[in-house]
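Remarks on the structure that follows.
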Amino acid sequence: MNHQEKPPEENLTKLMEFVLLGFTDVPHLQWFLFGLFLVIYIIILISNGIIFLITKLDPALQTPMYYFISNFSFLEICYASVTLPRMLINLWTQKRTISFIACATQMCCVLVLAATECFLLAVMAYDRYVAICNPLHYPLIMKHKMCIQLVAGSWISGIPVQIGQTFQIFSLPFCGSNLINHFFCDIPPILKLACGDTFVNEMMVSTVAVLFVTVPFLLILVSYGKLISTILKLSSATSRTRAFSTCSSHLMVVVLFFGSGMITYLRPRTSHSAGTDKVLSLFYTIVTPMINPMIYSLRNKDVVRALRKLLCK
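With positions in the sequence shown counted from 1, the corresponding number in this note's numbering is that position plus 10.
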């Protein structure tokens with residue numbers, strides 16, 4: 011961690027806006043990147059929108075698992091919409107400025123949605139654990155009221171902490187450069203622009219990351235450890251295959267999202283590089299929302315059946 015000496019008061023300047031450099035290091039690829047990210051954003055909106063729609067309309071999908079999937083799809087649309095439209099505008103206009111307030115708002119939204127995704131993935135793992143390990147008690151445990159409470163808790167729990175963390179970071183004095191070497195307002199590149207000692211902020215970031223990333227991830231691992239143990243004891247090979255199919259899809263999303271998030275926020279500050287941070291951020295802000303419907307929902311026979319029914323209508 012870098013501890014900078016606080017500069018004299020007269021050298022501090024009140025920054026009114028930042029400049030998101032994005033992918034300016036590859037100027038010859040600007041229009042290609044614009045087209046690529048536009049296609050990705052359209053895929054995210056359409057695929058997750060379809061999943062959200064059919065899980066609400068099809069009577070056969072009115073179960074706790076699909077209730078969580080519909081909320082997850084809606085979350086992915088929100089997550090991508092916080093970063094991708096601004097990135098597309100910057101690539102199209104080449105005007106990369108973002109106001110101080112807009113930058114803080116974007117960071118807060120990203121952090122809140124990321125915390126929600128961590129908890130929601132843990133809830134979905136718990137749902138599968140109860141369904142497979144305690145099938146007789148599943149209807150009693152996963153009642154509709156319980157599902158609503160779990161989803162509401164996932165959405166709400168991160169809001170006060172992430173608002174406080176955002177306020178703390180943007181209360182720091184900023185001086186000198188206002189160039190953010192990133193495609194959105196993320197914590198690591200913002201802290202690099204701060205003057206003075208950022209040790210407390212870095213400790214806060216690590217603590218929140220452990221609370222909102224590591225703890226849900228460990229809960230998921232515990233759930234899947236017991237779940238896989240139960241699956242292996244099933245006598246029917248068909249039942250084992252079906253159960254593993256559901257679990258493997260969810261685990262792929264978990265590994266992709268949590269892996270990139272943990273490396274970004276929990277690795278030592280001295281090992282951070284702008285290029286690595288951008289690549290990792292692309293995974294948990296863009297790649298995961300894009301592939302989620304394909305690897306987690308559209309492989310599901312019930313979802314495919316409901317989609318065919320909707321198209322036939």
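All C-beta atoms, glycine included, are put in the ideal place defined by N, C-alpha and C.
Q.
Here's the rule I'm using: 16 or more other beta-carbon atoms within 10 Å means buried, otherwise exposed. How should Ser83 be labelled?
A. buried
Q) If we count Cβ pairs, one from each stretch, closer than 8 Å, do we get three or more for the stretch 71 to 83 versus the stretch 150 to 160? A) yes
(Q) Check this for me: beta carbons of Cys195 and Gln116, under 8 Å apart or not? (A) yes
Q.
Please classify Lys288 as buried or exposed, where buried requires at least 16 neighbouring CB atoms within 10 angstroms.
A. buried
Q. So Ala135 packs on Ile230, CB below 8 Å; how close in whole Å?
A. 4 Å
Q: Can you give me the Cβ contacts of Leu182 inside the same chain, cut-off strictly under 6 Å, excluding the 5 residues immediately before and after it?
A: Ala204
Q: Using three-state DSSP, classify Thr34 as helix, strand or coil.
A: coil
Q) Taking buried to mean at least 16 other C-beta atoms within 10 Å of its own C-beta, is Met213 buried or exposed? A) exposed
Q: Scan the stretch 282 to 322 and note each continuous alpha helix (DSSP H) run of 4 residues or more that stays entirely inside, going in chain order.
A: 284 to 292, 298 to 302, 311 to 322
Q: Would you identify the three-state DSSP class for Phe28, choosing helix, strand or coil?
A: strand
Q. Comparing alpha-carbon positions, which option in Met262, Val297, Pro226, Lys319 lies nearest Ala125?
A. Pro226
Q: Tell me the start and end of each unbroken beta strand (DSSP E) in the stretch 38 to 69 that is at least 3 residues and wholly inside, in chain order.
A: none
Q | Opening and closing residue of the beta strand (DSSP E) in which Thr208 lies | A | Premise fails: Thr208 is in no beta strand (DSSP E) and is neither H nor E.
(Q) Quick check on Leu189: does DSSP put it in helix, strand or coil? (A) strand
Q: For the stretch 289 to 304 and the stretch 48 to 66, state whether three or more C-beta atom pairs, one from each stretch, are separated by less than 8 Å.
A: yes
Q. What does a CB cutoff of less than 7 Å around Thr176 pick up in its chain, not counting 5 residues either side in sequence?
A. Ala114, Met117, Cys118, Leu121
**Q.** Assumed close pair Leu30, His192 - CB separation to whole angstroms, cut-off 8 Å
**A.** 7 Å
Q. Can you tell me whether Gln159 is buried or exposed, with buried defined as 16 or more other CB within 10 angstroms of its CB?
A. exposed
Q: Leaving out five residues on either side along the sequence, give the residues of the same chain with a beta carbon under 8 Å from the beta carbon of Pro199.
A: Ile190, Asn191, His192, Ala284, Asp287
Q: Could you name each continuous alpha helix (DSSP H) segment of 4 residues or more that falls completely within the stretch 99 to 187, going from the start of the chain to the end?
A: 110 to 143, 148 to 151, 154 to 166, 169 to 180
Q | Per-residue DSSP class, three states only, for Thr73 | A | coil
**Q.** Neighbourhood of Leu146 by C-beta, 7 Å cutoff - its chain only, sequence neighbours within 5 removed
**A.** none
Q. How many Å lie between Ile409 and Leu292 at the Cα?
A. Here the chain comprises residues numbered 11 to 323, so residue 409 is not present and cannot be evaluated.
Q.
Let me check understanding here. Comparing Cα to Cα, which of Lys243, Thr73, Thr65, Ser258 lies closest to Pro149?
A. Thr73
Q) Helix, strand or coil for Lys243 per DSSP? A) coil
Q.
My output table needs one value for Cys195: the three-state DSSP class, helix, strand or coil.
A. coil
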